[in-house]
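The next block holds one structure in the form of structure tokens; read it before the comments.
Number of protein chains: 2
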Amino acid sequence: MSFKNIYFILIRPQLGENIGATARALKNFNFSNLRIVNPRDGWPNEKAKVTSVGAINILNSSKVYNSLEKAVADLNFIIATTSRNRNVNKISIPIDQLNKKIKNKKKIGIIFGPEASGLSNSELSCADCIIKIPTNKNFSSINLSHSVMLFGYEFYKLFKNKKNKPILKNKNLIAKKSEVAKFISFIISSLDKIGFLQPQHKKKSMINSIKNIFYRNNLSNKEIRILLGVFASLNKRNIKKLN
Amino acid sequence: MSFKNIYFILIRPQLGENIGATARALKNFNFSNLRIVNPRDGWPNEKAKVTSVGAINILNSSKVYNSLEKAVADLNFIIATTSRNRNVNKISIPIDQLNKKIKNKKKIGIIFGPEASGLSNSELSCADCIIKIPTNKNFSSINLSHSVMLFGYEFYKLFKNKKNKPILKNKNLIAKKSEVAKFISFIISSLDKIGFLQPQHKKKSMINSIKNIFYRNNLSNKEIRILLGVFASLNKRNIKKLN
Numbered sequence: 004m005s006f007k008n009i010y011f012i013l014i015r016p017q018l019g020e021n022i023g024a025t026a027r028a029l030k031n032f033n034f035s036n037l038r039i040v041n042p043r044d045g046w047p048n049e050k051a052k053v054t055s056v057g058a059i060n061i062l063n064s065s066k067v068y069n070s071l072e073k074a075v076a077d078l079n080f081i082i083a084t085t086s087r088n089r090n091v092n093k094i095s096i097p098i099d100q101l102n103k104k105i106k107n108k109k110k111i112g113i114i115f116g117p118e119a120s121g122l123s124n125s126e127l128s129c130a131d132c133i134i135k136i137p138t139n140k141n142f143s144s145i146n147l148s149h150s151v152m153l154f155g156y157e158f159y160k161l162f163k164n165k166k167n168k169p170i171l172k173n174k175n176l177i178a179k180k181s182e183v184a185k186f187i188s189f190i191i192s193s194l195d196k197i198g199f200l201q202p203q204h205k206k207k208s209m210i211n212s213i214k215n216i217f218y219r220n221n222l223s224n225k226e227i228r229i230l231l232g233v234f235a236s237l238n239k240r241n242i243k244k245l246n
Numbered sequence: 004m005s006f007k008n009i010y011f012i013l014i015r016p017q018l019g020e021n022i023g024a025t026a027r028a029l030k031n032f033n034f035s036n037l038r039i040v041n042p043r044d045g046w047p048n049e050k051a052k053v054t055s056v057g058a059i060n061i062l063n064s065s066k067v068y069n070s071l072e073k074a075v076a077d078l079n080f081i082i083a084t085t086s087r088n089r090n091v092n093k094i095s096i097p098i099d100q101l102n103k104k105i106k107n108k109k110k111i112g113i114i115f116g117p118e119a120s121g122l123s124n125s126e127l128s129c130a131d132c133i134i135k136i137p138t139n140k141n142f143s144s145i146n147l148s149h150s151v152m153l154f155g156y157e158f159y160k161l162f163k164n165k166k167n168k169p170i171l172k173n174k175n176l177i178a179k180k181s182e183v184a185k186f187i188s189f190i191i192s193s194l195d196k197i198g199f200l201q202p203q204h205k206k207k208s209m210i211n212s213i214k215n216i217f218y219r220n221n222l223s224n225k226e227i228r229i230l231l232g233v234f235a236s237l238n239k240r241n242i243k244k245l246n
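Line order of the protein sequences matches chains A and D. Per our numbering, the first sequence starts with residue 4, numbered consecutively. Per our numbering, the second sequence starts with residue 4, numbered consecutively.
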């Protein structure tokens, strides 16, 4: 577990200035993995180059994706950042207690929402946990690059302080997010076929609830196989019957 | 010693954008005392207003000085910030050990140098101590507002520290273990009916795996209802068919 295991992921960032400032902050703390999902103004971005100052290499090696799912597919543990209190059943811990969450994780992604609105509930549902920066209750909206900065800082301290160094055990155990996503989309399509996701206006929130339950659960590959077996077995006869 | 005892002082700042972002960061952490010494582009500054977002009140109540000496005249203890190693005979401590320096101080000033060069040796000499942000040795130049952000954050934690406990969202909503157990035994009996828990010698370990998945998950009552719905719905037709 070290700098190269951490992936900073900007979701739908709006301002190039913030993307550049993010790159600089990452380099300040020795990180280099930047991923960008659907940047509003396209990519590459001239304004990002200006504010990146000496960190243009981070911008040049960044990867751009057209969906959150693709951006996290190869990662094992996703931390969502939010300044608002969110009504989701996920554990939320203060940022300076990061080390409690990242033990035994192999590839960790931290997702940051867009400047104006933060992460949507659907984006938030893909995360394993929420980490909150403690702030003034009456003014909790933090600049995007400032949030990245604080995460970089806290991870840097963690990795530099040998006493606190998280130990990686059983590193192959936790499934990649792409495996979890495959499993979830299997459940959802099965449920859709038998008419469970009705009425239509509740469908989206039901899907988010199901994602919430399974994404936060650190499922291993073996457990996913078991759950797939469970659902497939329950579903097989339904499908037969429908046909 | 509290938020109002801390004064953030920008020395010869060059970019209005950074002054505005500084104001926002101060407000994020409940600080309000901003002092500015000889801003390059004069004062007030339109670009600062733009990046301050909701913290225009901090800019409006900031005080502008024409010398560092005047800006710190009424303060008791001055902390200088630097990312470079400086050849001055002053004690330098890491930022997360702030508390060791600020005990028993009444009014504390933190001085930040201009973007391009940082504090001059002469300015540095006005400080009681140097506090350094730990960074990548090969890229230690931190954006001005990012440095302010980190100081705000560390002071905020210091003043707020109540042994930050992890918080689980909606803590009243977490289901009792008896509810989880009821749900799990429902799944298991459904699976048993349709012959999923075979062969017999693997049954026990399959049941344990299923328990493992759902017990560690802090399910809420609402989520249990959803899962029960999911399984019941998948199962209904199976049962009908078996009967």
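Glycine residues also receive a C-beta, built at the ideal position from the N, C-alpha and C atoms.
8 Å is my cut-off, CB to CB: does residue i come that close to chain D?
{"i": "residue 138 of chain A", "result": "yes"}
{"i": "residue 212 of chain A", "result": "yes"}
{"i": "residue 119 of chain A", "result": "no"}
{"i": "residue 19 of chain A", "result": "no"}
{"i": "residue 37 of chain A", "result": "no"}
{"i": "residue 7 of chain A", "result": "no"}
{"i": "residue 49 of chain A", "result": "no"}
{"i": "residue 172 of chain A", "result": "Here residue 172 of chain A scores only 43 on pLDDT, less than 50, and its place in the model should not be relied on; the value that follows carries that caveat. So, not an interface residue."}
{"i": "residue 199 of chain A", "result": "yes"}
{"i": "residue 44 of chain A", "result": "no"}
{"i": "residue 108 of chain A", "result": "no"}
{"i": "residue 124 of chain A", "result": "no"}
{"i": "residue 92 of chain A", "result": "yes"}
Determine, for residue i, whether the minimum Cβ-Cβ distance to residues of chain A falls below 8 Å.
{"i": "residue 4 of chain D", "result": "no"}
{"i": "residue 175 of chain D", "result": "Its pLDDT being 48, under 50, residue 175 of chain D is placed unreliably by the model, and the measurement read from it follows with that caveat. Output row for residue 175 of chain D: interface = no."}
{"i": "residue 232 of chain D", "result": "yes"}
{"i": "residue 12 of chain D", "result": "no"}
{"i": "residue 195 of chain D", "result": "no"}
{"i": "residue 204 of chain D", "result": "no"}
{"i": "residue 156 of chain D", "result": "yes"}
{"i": "residue 223 of chain D", "result": "yes"}
{"i": "residue 153 of chain D", "result": "yes"}
{"i": "residue 159 of chain D", "result": "yes"}
Looking at the secondary structure, which residues open and close the alpha helix (DSSP H) in which residue i lies?
{"i": "residue 40 of chain D", "result": "Premise fails: residue 40 of chain D lies in the beta strand (DSSP E), 37-40, not in any alpha helix (DSSP H)."}
{"i": "residue 50 of chain A", "result": "49-55"}
{"i": "residue 91 of chain A", "result": "Neither: residue 91 of chain A is in no alpha helix (DSSP H) and is coded neither H nor E."}
{"i": "residue 189 of chain A", "result": "180-196"}
Looking only at its own chain, which residues have a Cβ that is under 8 Å from the Cβ of residue i, when we skip the five neighbours before and after it?
{"i": "residue 62 of chain A", "result": "22, 23, 26, 37, 47, 51, 52, 55"}
{"i": "residue 169 of chain D", "result": "Low per-residue confidence applies at residue 169 of chain D: pLDDT is 45, beneath 50, and the placement is therefore not dependable, though the value from the model is reported in the following sentence. Excluding residues within five positions, none has a Cβ falling inside 8 Å."}
{"i": "residue 126 of chain A", "result": "14, 71, 83, 114, 116"}
{"i": "residue 171 of chain A", "result": "Summary for residue 171 of chain A: the model assigns pLDDT 46, below 50, so the residue's position carries little reliability, and this model does not support an answer."}
Going along chain A, which residues have a C-beta under 9 Å from residue i?
{"i": "residue 178 of chain D", "result": "Per Cβ cutoff of 9 Å: no residues; residue 178 of chain D is ~10 Å from chain A at best."}
{"i": "residue 57 of chain D", "result": "142, 144"}
{"i": "residue 64 of chain D", "result": "Near residue 64 of chain D there are no residues of chain A at all, since even the closest Cβ is about 15 Å away, more than 9 Å."}
Enumerate in chain order the residues of its own chain whose CB-to-CB distance from residue i is below 6 Å, with the five nearest sequence positions on each side excluded.
{"i": "residue 42 of chain A", "result": "16"}
{"i": "residue 227 of chain D", "result": "178, 182, 186"}
To which residues of the same chain is residue i closer than 7 Å at the C-beta, ignoring the five residues directly before and after it?
{"i": "residue 230 of chain D", "result": "186"}
{"i": "residue 87 of chain D", "result": "121, 143"}
{"i": "residue 174 of chain D", "result": "Confidence at residue 174 of chain D is low in this model, with a pLDDT of 48, below 50, so the placement of that residue should be treated as unreliable; the coordinate-derived value is given next. Cβ neighbours of residue 174 of chain D beyond the five flanking positions: none."}
{"i": "residue 6 of chain A", "result": "33, 34, 162"}
{"i": "residue 65 of chain A", "result": "37, 38, 39"}
So residue i contacts chain D; which residues on that side make the cut at Cβ distance below 9 Å?
{"i": "residue 52 of chain A", "result": "Simply none; closest approach about 15 Å."}
{"i": "residue 31 of chain A", "result": "86, 136, 138, 139, 142, 143, 144, 145, 146, 149"}
{"i": "residue 229 of chain A", "result": "209, 212, 213, 216"}
Please list, in chain order, the chain D residues whose beta carbon lies closer than 8 Å to that of residue i.
{"i": "residue 226 of chain A", "result": "212, 215, 216"}
{"i": "residue 238 of chain A", "result": "237"}
{"i": "residue 131 of chain A", "result": "Ordered by position in chain D, no residue passes the 8 Å Cβ test against residue 131 of chain A, which lies about 11 Å from the chain."}
{"i": "residue 163 of chain A", "result": "137"}
Counting along the chain, where does the beta strand (DSSP E) carrying residue i start and finish?
{"i": "residue 83 of chain A", "result": "80-85"}
{"i": "residue 23 of chain A", "result": "First-last for residue 23 of chain A: 19-31, but that is the alpha helix (DSSP H), not the beta strand (DSSP E)."}
{"i": "residue 12 of chain A", "result": "9-14"}
{"i": "residue 115 of chain D", "result": "111-115"}
Could you tell me which chain D residues have their CB closer than 7 Å to the CB of residue i, listed as they occur along the chain?
{"i": "residue 27 of chain A", "result": "146"}
{"i": "residue 78 of chain A", "result": "In chain order: nothing, as chain D lies at least about 20 Å away."}
Using the beta-carbon of each residue, which ones in chain A are nearer than 8 Å to residue i?
{"i": "residue 24 of chain D", "result": "146, 149"}
What does residue i touch in chain A if you count any residue whose Cβ is under 7 Å from its own?
{"i": "residue 185 of chain D", "result": "In chain order: nothing, as chain A lies at least about 17 Å away."}
{"i": "residue 103 of chain D", "result": "Simply none; closest approach about 16 Å."}
Contact between the segment 137-151 of chain D and the segment 145-156 of chain A (3+ Cβ pairs under 8 Å) | When Cβ pairs closer than 8 Å are counted between the two stretches, the segment 137-151 of chain D is seen to touch the segment 145-156 of chain A, the count reaching three or more.
Counting pairs of Cβ atoms below 8 Å between the segment 117-132 of chain A and the segment 75-91 of chain A, do you hit three or more?
-> Because the criterion of three Cβ pairs below 8 Å is met, the segment 117-132 of chain A and the segment 75-91 of chain A touch.
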